[in-house]
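With the UniProt record's numbering, the residue at position 5 of the sequence shown is 5, and numbering never jumps. Have a look at the structure below before the remarks.
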Amino acid sequence: MTKKYIRIAELIYKDKIGELSEREKNELLAWLEESDFNRQIFDELAKGSSLSRSYDEYRNIHREQVWNAIEKQIVPQGRQLSLQWVGYAASVMILVVAGWFIFQMSDNKNVVQEGKKVARITPGTQKAILYLDNGEQVVLADNNTVVVEDSLSGRIEQVDKSLVYQTESTVKEERLNVLEIPNGGEFQVTLADGTKVCLNAGTKLTYPIAFVGKERRVRLEGEGYFEVKRDENKPFIVEINGMEVKVLGTSFNLRSFAADNRSTATLISGKIEVKTSSRRVELSPNQQADLWVGENKLDVREVDAAVYSAWTKGRFVFRRERLETILDDVSRWYNVTVFYEQSSAKDILFSGIMERYADISKTLEMLEKTGKVSFIIDEQKIIVRAK
């Protein structure tokens, strides 16, 4: 019985840090379905406070003492077993052992560990995947190369860490390309009209190789900084998750990650028109429009626009921002996974400026200096603990 519950504790721990294999998931699920009592234990362990409490218990109660007490309840055949007491002791055992696993990890897996190699987490680099309209995929990295050159599309070239379209003005039909930036990457593209777009990690831009018709229309998922080439006769329009941004010539930042639960347009210079299904507004420099997902509500406010374009200049800048939002950006840029021991830590507010190309330990140390949280780096995982 001891081995069984230690095994369950291991599975609960691995579930918390996201390392369960498919076989282990099925094993844990089978145990959960055995009884409501098991589900209650699992739910209790999901709370960070329970894990902390379990560790305190573990320091005062040895596992064998718990099981020795349980075994005393196992009586000879013919006598009744006190299942309620055994169940309680078993739950304590799981809480204690699982708590021990978590805190053993916490004690031993610091940013620099003794006796165990920790993978160095590096900042993002120039990388992207280009999907051509013919279905071909081209992997882009930090070098100069001609990507495509033919009589139909003209020339697509990677120059100075940017993808540049030099397409023929004779192109008459819309042929779409998609530029996808994975986590841990960033990239720039100069579109056929001369518009420049910086794309952040975890972002996808869909655009034509040449703009035909009376408008220039692209679609963004993620975050991009646009410097639009002025053309009063052909407005530039960006579609972004329930919002359209229309410009003639200007610079602005757009952001719409699924984790943010909103689409945001921030104007740096010039003027833009932001349109939703229910409202149309015109922004001036240092104004921001937020569209909250599911609410169809467009809010406009005054901001320091430089904060929202700082990522294009190699910095993370935050002004009273939730820790969850900050670490979402960090996780995409450094391509790591973040776990919170207490969900309340997500709502802690921080302000600061951090170097985007620094080692991740430097970034986390800046947040730790506030005395509000601490971090543990375990390979490609970041574990957050509120103080």
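Where is the CB? At the ideal position from N, CA and C, for every residue including glycine.
Going by beta carbons, residue 238 and residue 218 fall inside the 7 Å limit. Proximity to residue 207 across 229, 176, 255 and 186 peaks at 176, based on C-alpha coordinates. In the structure shown, residue 253 falls within a strand segment according to DSSP collapsed to helix, strand and coil. Following the DSSP letters along the chain, one finds residue 301 inside the beta strand (DSSP E) bounded by residues 297-302. DSSP, read as helix, strand or coil, puts residue 332 in helix. If you check the CB distance, residue 31 and residue 8 come in under 7 Å. The alpha-carbon separation between residue 337 and residue 255 amounts to approximately 21 Å. In the DSSP assignment, residue 275 falls within the unbroken beta strand (DSSP E) covering 272-275.
Checking the DSSP bridge columns, you'll see residue 243 partnered with 240.
CA-to-CA, the gap between residue 193 and residue 360 works out to about 37 Å. Assigned with DSSP and collapsed to three states, residue 326 falls in helix. Burial check for residue 279: the Cβ neighbour count within 10 Å stays below 16, so the residue is exposed. Among the bridge pairs identified by DSSP, residue 312 is matched with none. Going by beta carbons, residue 339 and residue 383 fall inside the 7 Å limit. Taking C-beta atoms under 8 Å as the contact rule, residue 214 and residue 246 fail to qualify, at a distance of about 12 Å. Of the residues assessed, residue 380 falls on the exposed side of the cut-off, its CB having fewer than 16 other CB atoms within 10 angstroms.
Note on geometry: alpha-carbon atoms of residue 241 and residue 221 lie some 7 Å from one another.
In the three-state DSSP reduction, residue 128 falls in the strand class (E or B). Fewer than three pairs of CB atoms, one per stretch, sit closer than 8 Å, so the segment 316-325 makes no contact with the segment 288-297.
Contact annotation: residue 183 and residue 301 have beta-carbon atoms that are not nearer than 7 Å. Residue pairing by DSSP places residue 210 opposite no residue, since no beta bridge is assigned to it. If you draw a straight line from the Cα of residue 216 to the Cα of residue 335, it is about 33 Å long. Following the DSSP letters along the chain, one finds residue 140 inside the beta strand (DSSP E) bounded by residues 137-140. Listed as beta-bridge partners of residue 165 by DSSP are 156.
One Cα belongs to residue 354, the other to residue 122, and the distance between them is close to 15 Å. Here residue 303 is not near residue 310, since their CB atoms are 7 Å or more apart. Nearest neighbour of residue 211 by Cα position, chosen from 386, 231 and 148, turns out to be 231. Each of 270, 357 and 287 was checked against the Cα of residue 249, and the nearest Cα belongs to 270.
Residue range 22-32 is occupied by the alpha helix (DSSP H) that includes residue 26.
Remark: C-beta atoms of residue 205 and residue 163 do not approach each other more closely than 7 Å.
Within the DSSP bridge table, the entry for residue 354 names 316 as partners. The Cβ atoms of residue 225 and residue 191 lie no closer than 7 Å to each other.
If you check the CB distance, residue 27 and residue 124 do not come in under 7 Å.
Secondary structure at residue 7: helix, using DSSP grouped into helix, strand and coil.
Ranked by Cα distance from residue 181, the options 228, 159, 160 and 131 are led by 131. Beyond the five residues adjoining it in sequence on each side, residue 367 comes within less than 8 Å, by CB distance, of 323, 326, 350, 352, 373 and 375 in the same chain, given in chain order.
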